[in-house]
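Here's the structure, in structure tokens; my notes come after.
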Amino acid sequence: MDDKGAPGEPGANIQVGSFKIADAAKTDAAGMAFVLDQMAERPAVRALKAWALEQLAPAPGETAVDVGSGTGEDVVAFAELGLRAIGVEPSAGLRDEAVRRGPDSKAEFVDGLSDKLPFDDESVDVVRCERVLQHVEDPAGSVREMARVLRPGGRIVLIDTDWQTAIIHPADPDVLQRMVASFLAQAANPYSGRQLRGQLADAGLEITGETAATWLEPQEGARKGFLSMMHTRSLQAGAITAAEAEAFAKGITEAADRGAFHMSLTMYAVCAVKAPAV
Ligand SMILES: C[S@@+](CC[C@H](N)C(=O)[O-])C[C@H]1O[C@@H](n2cnc3c(N)ncnc32)[C@H](O)[C@@H]1O
75 MDDKGAPGEP GANIQVGSFK IADAAKTDAA GMAFVLDQMA ERPAVRALKA
125 WALEQLAPAP GETAVDVGSG TGEDVVAFAE LGLRAIGVEP SAGLRDEAVR
175 RGPDSKAEFV DGLSDKLPFD DESVDVVRCE RVLQHVEDPA GSVREMARVL
225 RPGGRIVLID TDWQTAIIHP ADPDVLQRMV ASFLAQAANP YSGRQLRGQL
275 ADAGLEITGE TAATWLEPQE GARKGFLSMM HTRSLQAGAI TAAEAEAFAK
325 GITEAADRGA FHMSLTMYAV CAVKAPAV
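With the numbering used here applied, the sequence shown corresponds to residues 75 to 352, in that order.
Printed below as a string of structure tokens:
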């Protein structure tokens, strides 16, 4: 989940594609940070961040890298645990924001891309990458790159959404199908969640754990954020008519008024280890 903000709020125009690095340069960092802060409060995101930290078992003195570190929360957490903590983030605005948020932190933030990490082979003990691969054109290559920098015995967690798991109610099934298909076609890698395990295995890593968490959108989500963006963009793409967009918006907001709106989405997390040297 990456797209929130009611009209008039900062972040209102941030869209799923805005976190693609090609679009990030055009997008305001304050708006992206606002959206990421909203996401970070959601129970599914909190649960998977906590699970990742437990699985990664970071130890003081180790080196940890967060690929696509956004506002830097997870990098600062590693630094506070006594690790050398580095966030790789291609958006200069988000790197600045991360530094601004943790002025006393030893966390470091560097420019870089998931498929070209600025680290030597086998130089990193811990890697995490959360809700980034859905925005990346070559996710499998990115995971191979993460495996390259991992030391033997090093641990990695990938977290991502699978957008085809979205359930939205109420909606006309035919309109909904066209909206979802249009949305999936506009995202770089909307099926990322289901691919994480295979990408780690194909990169030669040993899977050590996996879990999932369900994003449950609150009732106010019918009026703002992802859903308003989805029907607006479907209309712009010609996938639904203006009348269908209006009927969809009316249907979900009326349902929310009586507490009957539903939207859920599944997020996945997988942990793996690089085989220790023999
Ligand atoms: C949805 S945010 C997630 C941020 C952070 N991982 C978190 O959990 O809050 C996606 C992040 O990936 C970054 N990003 C996009 N494309 C990237 C790429 N090719 N390599 C590394 N980071 C990328 C974006 O700039 C953004 O900060």
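Built from N, CA and C at the ideal position, the CB exists for glycine as well.
Excluding the 5 residues preceding and the 5 following residue i in the sequence, name in chain order all residues of the same chain whose CB lies nearer than 6 angstroms to its CB.
{"i": "R229", "result": "L130, V200 and V347"}
{"i": "A240", "result": "L339"}
{"i": "D140", "result": "D148, V149, G161 and R202"}
{"i": "T285", "result": "W125 and A343"}
{"i": "G215", "result": "D189"}
{"i": "A107", "result": "T145 and E171"}
{"i": "V119", "result": "M113"}
{"i": "R158", "result": "T137"}
{"i": "S308", "result": "M253, S256 and I314"}
{"i": "A330", "result": "Q293 and A296"}
{"i": "G283", "result": "Q129 and C345"}
{"i": "A311", "result": "S256"}
{"i": "E219", "result": "D189 and L191"}
For a test of your reading of the model: does the CB of residue i fall under 7 angstroms from any non-hydrogen atom of ligand 1? Yes or no.
{"i": "H336", "result": "no"}
{"i": "G215", "result": "no"}
{"i": "V141", "result": "yes"}
{"i": "E284", "result": "no"}
{"i": "L187", "result": "yes"}
{"i": "E163", "result": "yes"}
{"i": "V210", "result": "yes"}
{"i": "A151", "result": "no"}
{"i": "A166", "result": "no"}
{"i": "E291", "result": "no"}
{"i": "L110", "result": "yes"}
{"i": "D148", "result": "yes"}
{"i": "E171", "result": "no"}
{"i": "V206", "result": "yes"}
{"i": "A126", "result": "no"}
{"i": "G105", "result": "no"}
What's the call for residue i, buried or exposed, on a 16-neighbour Cβ count within 10 Å?
{"i": "D21", "result": "In the structure as shown, the chain begins at 75 and stops at 352. Residue 21 is therefore absent and cannot be evaluated."}
{"i": "E211", "result": "exposed"}
{"i": "R332", "result": "exposed"}
{"i": "D178", "result": "exposed"}
{"i": "V352", "result": "exposed"}
{"i": "T137", "result": "buried"}
{"i": "E291", "result": "buried"}
{"i": "L258", "result": "exposed"}
{"i": "A296", "result": "buried"}
{"i": "E294", "result": "exposed"}
{"i": "E154", "result": "exposed"}
{"i": "A166", "result": "exposed"}
{"i": "E328", "result": "exposed"}
{"i": "P213", "result": "buried"}
For residue i versus residue j, is the C-beta distance shorter than 8 angstroms?
{"i": "A262", "j": "L168", "result": "no"}
{"i": "G156", "j": "A181", "result": "no"}
{"i": "D234", "j": "L274", "result": "no"}
{"i": "S188", "j": "G146", "result": "no"}
{"i": "A221", "j": "L270", "result": "no"}
{"i": "L232", "j": "I242", "result": "no"}
{"i": "M253", "j": "A317", "result": "no"}
{"i": "P134", "j": "F152", "result": "no"}
{"i": "V217", "j": "A277", "result": "yes"}
{"i": "A255", "j": "G325", "result": "no"}
Mind reading off the beta-carbon distance from residue i to residue j? Whole number of angstroms is fine, and I expect it under 8 angstroms.
{"i": "P226", "j": "E196", "result": "7 angstroms"}
{"i": "A287", "j": "A121", "result": "5 angstroms"}
{"i": "G186", "j": "P164", "result": "7 angstroms"}
{"i": "F183", "j": "V223", "result": "About 17 angstroms; that fails the 8 angstroms criterion."}
{"i": "W433", "j": "R116", "result": "Nothing about residue 433 can be reported from this structure: the residues present for the chain run from 75 to 352 only."}
Less than 8 angstroms between C-beta atoms, sequence neighbours within five positions excluded: which residues of the same chain meet that for residue i?
{"i": "T306", "result": "A319"}
{"i": "A321", "result": "D246 and V249"}
{"i": "P350", "result": "P226 and G227"}
What residues in its chain sit with their C-beta under 7 angstroms from that of residue i, if we drop five residues either side in the sequence?
{"i": "D236", "result": "Y265, S266, G267, R268, T340 and Y342"}
{"i": "K94", "result": "H209 and A262"}
{"i": "I281", "result": "R271, L274, A275, V344 and A346"}
{"i": "L110", "result": "G144 and T145"}
{"i": "K123", "result": "D148"}
Return no unless some Cβ of chain C is closer than 8 angstroms to the Cβ of residue i.
{"i": "R120", "result": "Looking for chain C here will not work: only one protein chain is present."}
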